[in-house]
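J.: Here it is, the structure in full.
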Amino acid sequence: MPNSYSLRRGTLYHAPETVPARSRTPLRRNSAPLIHESPLERRRITVQGLVQGTGFRAFIAKLARRWSLSGHVLSDSTGVIVEVQGSEPSIEGFLEALLTDTPPFASVNSINTELLAISAAESEFTEMQSQAEDERHAIVPPDSAICADCLRELFDPTNRRYAYPFISCATCGPRFTIIEGTPEDRNHTTMHAFPMCRTCQAEYDDPSNRRYHVQAICCPNCGPHVRFLNKEQRDDRDAVAIVAAAQLLAAGAIIALKGPGGYQLACDALNEEAVRRLRQSKRSEDRPFALMVPDVETALTLCTLDEGECALLQSAQRPIVPLTRRDASPACQLAPSVAPECCTLGIMLPHAPLHTLLLDAYRRVVSAERPLVLVMTSGSLSGEPVAYRDEDALARLLPLVDGMLLHDRAIHAPCEESVVRDIAGGEQILRRSRGYVSEPLSMPWKFPVPLLALGGPRDNTFCLGKERQAYLSQALGNIESPEMLLSLRESLAHFQRCFGIQPEAVAYDLHPDNLVTRYAHELDIPCKIGVQHHHAHIASVLTEYGLTASVIGIAADGSGYGTDGAIWGGEVMIADLVKFERVAHLAYVPLPGGEQATCQPWRMAAAYLTRAYGSDLRALNIPFTHKMEYATWRTLSRTAMTMQTSSLGRLFDAVAALLGLGSHSAYEGQAAHRLEMLAATCKQPVVSYPYAIGAEKPAQLDVVPMIKAIVNDIEQRVPGAQIARRFHLSIADMFANACAEVRAASGLQTVALSGDIFQNRLLLEELVALLKKLSFQVYINRRVPPNDGGLSLGQAAIAAAQLR
Ligand SMILES: [Zn+2]
Ligand SMILES: [Zn+2]
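In this text, residue positions in the sequence shown follow our numbering: the first is 819, and each later residue adds one.
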């Protein structure tokens, strides 16, 4: 974001296309307004973005008064309209502050100004009621992490909110998670249970107060309180409760804690026994746990951090940021079970005042020598929805933990942590949830009818579209049980109520056999549009950048149902929002055992070896040919295996299994993840393995030469890291060359990359570099995840384009 704003007639300012998170950090605070003697002028300023709502109007009013401007502010369906009158330098200062001091809950996409005639009869600045009442539907801002001002008050013993865990203001605090419905006012949030005391009411009514019209306003006299519950049912209040929880944590206990968007489970990340116990009670096997640290300095003792990652950690969204782990240093003995085998750690800073206070109390009960690191993971068993209602948490979590830190402010909409990384010159959201939801995504075109896209069964999100806005739900997890489907339905009902959307069409994934698709068919919406999985992935990128012309799309994916009934996932297509043509794909291999192959990579190794060497594999000297697996394979290969796959994820599994990185995975993608980590340890330059790109239509990307070369390398005892690195490069090289061939035939210059295998940093960076070298224009997902969390946006865009 530029830090100067030049004021010309009709100036149009466009915020960057990337995630606005970092740009929201004020670049500099303006000093006190100057007194000017210049002649008066009057301007109309139209602000677009996430700007509707009383909070933003109050911000504008305060700013205008600070710069001694008269005029008014109102919002309508196009955005916020401001008219200001004053000296030119004051208006210029006002505009600059508008951009640099934007509250974290708002984000400005564009500002348009025009000159008006001076109004003689005006002396003050007023806030006008919204023109269209209906427009209020569209306002449910995301939660925002505690701001610097509130942080200062939190630790100021003279402040009336000293050490009060529910402190918030116009720029920070809970929003999405406590709003029950619209219009956005205090009666429609879970704060209606706490009538304001006279002091809070006075702040709420005072336009010059930073808690003016803040729904979550409260204080120790009138607001919610925390209590601590352990096996003896002890019940304390606020400060005492937090210290009790900290003491128990220091003693190696597991604590359940009511975070802003749901219960979380915490324990000391340096205590191996505690972490292992947490893992067992969560039944989460090998998945890495996220960590919460008090500050960037502590993060630096664990991981390396660049400037972008640093800003991301401290942004108002406070996501979990995957960071490269430092080689084991004596400064920090992180428990091995935190993130077994991982070369990255998911780190976040405290975002709720309750977290801040807990870490502060923790600092006081443990030795000053050691870093403060807590495991902070979602309060649910793996495969279950997160607990956010107290009764439910008491029933499900209390038996698993040693104590519970709860409070009486209800969570209306559960919302788990977001995950965002810094890659290829910007931010990329991997899980879009707390801090981002429900900020609408502005579309460059209009939805012809209100519509719903349901996403896929894994990493589910749904998307509601209306007019020019797409409302993407919070991350809802894998919809593989009736309980998970119920949480999707509850969330959908909530979104429909908040945004006033009655969908007239529903888009769904073509895979016939999953709960989400079945739910789509049950819905009482006559217009149903099935969307191919990988087309939706590519469309999600097109939508982010407003691309409407055809592009070359590469979908690198674990699995998705193809139009021919096979499981696709290594696809090159020519696509726009209406249609796609599959122009190349990984050559099919059998998917032995169907779904089972996902968690048993040896099956894919067997499938690829059989393709390369025929059915007798006993002569090969590689880890896979263990007796039992081989015997099973012999049986399998005799039974009919009709399911075929072009999945790139399964090819990664196969190569991982060949390299002995586990023939079984605790979760989908674990073997491929190990392969990436191994490859990352190889620092020497490598060249691509051989492969073939066929001349048929669609072209077959044949990796048999690659598999043979890899087997040869394994037999020659070439280090695994080098093989893994070469394999990554080869895949990138193959897709880059496939794009070059598509360009030769079609003239297309633009490539869009999506799909969950592009969460692999090494592969993504390698491919982007190769494509750029070939002078392609490359686009990747930024604001929605490349995994199935972004699928619903792509489906919505395709359905809209097909209906138009
Ligand atoms: Zn604040
Ligand atoms: Zn109060």
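Glycine included, each C-beta is placed from N, C-alpha and C at the ideal position.
Are there 16 or more other CB atoms within 10 angstroms of the CB of C1121, so buried, or fewer, so exposed?
T.: Result: buried.
J.: Please write down, chain order preserved, every residue whose beta carbon lies under 5 angstroms from a heavy atom of ligand 1.
T.: Result (chain order): C965, C968, C987, C990.
J.: Closer than 6 angstroms by C-beta to R1421: which residues in its own chain qualify, once you throw out the five before and the five after it? Chain order, please.
T.: Excluding positions up to five away in sequence, the list reads P1410, G1411, A1415.
J.: Hey, C1117 and L1131 are a contact pair by Cβ (cut 8 angstroms); roughly how many whole angstroms apart?
T.: According to the sequence shown, residue 1117 is Ala rather than Cys. Right, the Cβ-Cβ distance comes to about 6 angstroms (below 8 angstroms), so this counts as a contact.
J.: Could you pull the start and end residues of the beta strand (DSSP E) that L868 belongs to?
T.: Looking at the DSSP string, the run of the beta strand (DSSP E) that includes L868 is 858–868.
J.: How about the stretch 1018–1026 and the stretch 1197–1214: do they share at least three Cβ pairs that are nearer than 8 angstroms?
T.: Result no; under three Cβ-Cβ pairs closer than 8 angstroms.
J.: Name the two residues that bound the continuous alpha helix (DSSP H) containing N1555.
T.: It spans 1538–1564 - the alpha helix (DSSP H) in which N1555 sits, taken as one unbroken run.
J.: What's the call for H1173, buried or exposed, on a 16-neighbour Cβ count within 10 Å?
T.: Label assigned to H1173: buried.
J.: How big is the Cα-Cα spacing for P960 and L969?
T.: Taking the straight line joining both Cα atoms gives about 19 angstroms.
J.: Pick from G1538, L1109, S1593: whose alpha carbon is nearest that of L1190?
T.: Ranking G1538, L1109, S1593 by Cα distance to L1190 puts L1109 first.
J.: Can you check which of these residues, T1499, R1101, E1362, is closest to I1247 by C-alpha distance?
T.: The shortest Cα separation from I1247 among T1499, R1101, E1362 belongs to E1362.
J.: Using only the alpha-carbon positions, how far apart do R1579 and H1546 sit?
T.: So the alpha carbons of these two residues sit roughly 10 angstroms apart.
J.: Can you round the beta-carbon distance between R1544 and V1596 to whole angstroms, since I take them to be within the 8 angstroms contact cut?
T.: Not really, about 23 angstroms apart at Cβ, beyond 8 angstroms.
J.: Starting from R1045, follow its DSSP beta bridges and name the residues at the other end.
T.: Partner(s): L1224.
J.: Classify H1339: buried if its beta carbon has 16 or more other beta carbons within 10 angstroms, exposed otherwise.
T.: H1339 should be labelled exposed.
J.: Just mark A850 as buried or exposed, buried being the case when its beta carbon has 16 or more other beta carbons within 10 Å.
T.: Low per-residue confidence applies at A850: pLDDT is 40, beneath 50, and the placement is therefore not dependable, though the value from the model is reported in the following sentence. Exposed, because fewer than 16 other Cβ atoms sit within 10 Å of the Cβ of A850.
J.: Could you tell me if H955 is buried or exposed, where buried requires 16 or more neighbouring beta carbons within 10 angstroms of its beta carbon?
T.: With a pLDDT of 47 at H955, under the threshold of 50, the modelled position of that residue is not reliable, and the figure given next carries that caveat. Buried: at least 16 other Cβ atoms inside 10 Å.
J.: In terms of DSSP beta bridges, what is H890 paired with?
T.: Paired residue(s): E901, T944.
J.: Tell me which same chain residues have a C-beta within less than 6 angstroms of the C-beta of Q1292, skipping the five on either side of it?
T.: Only C1233, S1251, V1255 meet the Cβ criterion.
J.: For R1227, count neighbouring C-beta atoms within 10 Å of its own C-beta (all shown protein chains included) and say buried if the count is 16 or more, exposed if not.
T.: So R1227 counts as buried.
J.: In three-state DSSP terms, what is P1523?
T.: Here P1523 sits in helix by DSSP.
J.: Alpha carbon to alpha carbon, what distance is there between A876 and L1592?
T.: Their Cα atoms are separated by approximately 50 angstroms.
J.: Provide the residue span of the beta strand (DSSP E) that contains L1404, from first to last.
T.: Residues 1398–1404.
J.: Let me know if R840 comes out buried or exposed under the rule of 16 or more other beta-carbons within 10 Å of its beta-carbon.
T.: Because the pLDDT of R840 is 36, which lies under 50, any placement of that residue in the model is unreliable, and the number read from its coordinates should be weighed accordingly. R840 is buried by the Cβ-count criterion.
J.: What residues are listed by DSSP as bridge partners for M1138?
T.: In the sequence on display, residue 1138 carries Ile and not Met. DSSP, once it has assigned bridges, lists V1237 as partnering I1138.
J.: What is the DSSP secondary structure of K880, reduced to helix, strand or coil?
T.: Helix, per DSSP.
J.: What's the call for T1162, buried or exposed, on a 16-neighbour Cβ count within 10 Å?
T.: So T1162 counts as buried.
J.: Quick check: the Cα distance between G1041 and R979, rounded to an integer number of angstroms?
T.: Taking the straight line joining both Cα atoms gives about 11 angstroms.
J.: How far does the alpha helix (DSSP H) with Y982 in it extend, from its first residue to its last?
T.: Here Y982 belongs to no alpha helix (DSSP H), and DSSP marks it neither H nor E.
J.: Considering only heavy atoms of ligand 2, does any lie closer than 6 angstroms to the CB of C1015?
T.: At least one heavy atom of ligand 2 is nearer than 6 angstroms to the Cβ of C1015, so yes.
J.: Using CA atoms only, rank isn't needed, just tell me which of H1169, D974, P1013 is closest to I964.
T.: When each option's Cα is compared against that of I964, the closest is H1169.
J.: Just confirm the distance between the C-beta atoms of V1183 and A1068, as a whole number of angstroms; I'd bet it's less than 8 angstroms.
T.: Yes, V1183 and A1068 are in contact; Cβ-Cβ is about 5 angstroms, under 8 angstroms.
J.: On the three-state DSSP scale, how would you describe L1592?
T.: Here L1592 sits in coil by DSSP.
J.: Helix, strand or coil: how does DSSP classify A1117 here?
T.: Here A1117 sits in helix by DSSP.
J.: How close, in whole Å, do the beta carbons of L1395 and A1357 come, if the pair is a contact with beta carbons under 8 angstroms?
T.: Yes, L1395 and A1357 are in contact; Cβ-Cβ is about 6 angstroms, under 8 angstroms.
J.: What's the gap between the Cα of E942 and the Cα of S886?
T.: Using only the alpha carbons, I get a separation of about 9 angstroms.
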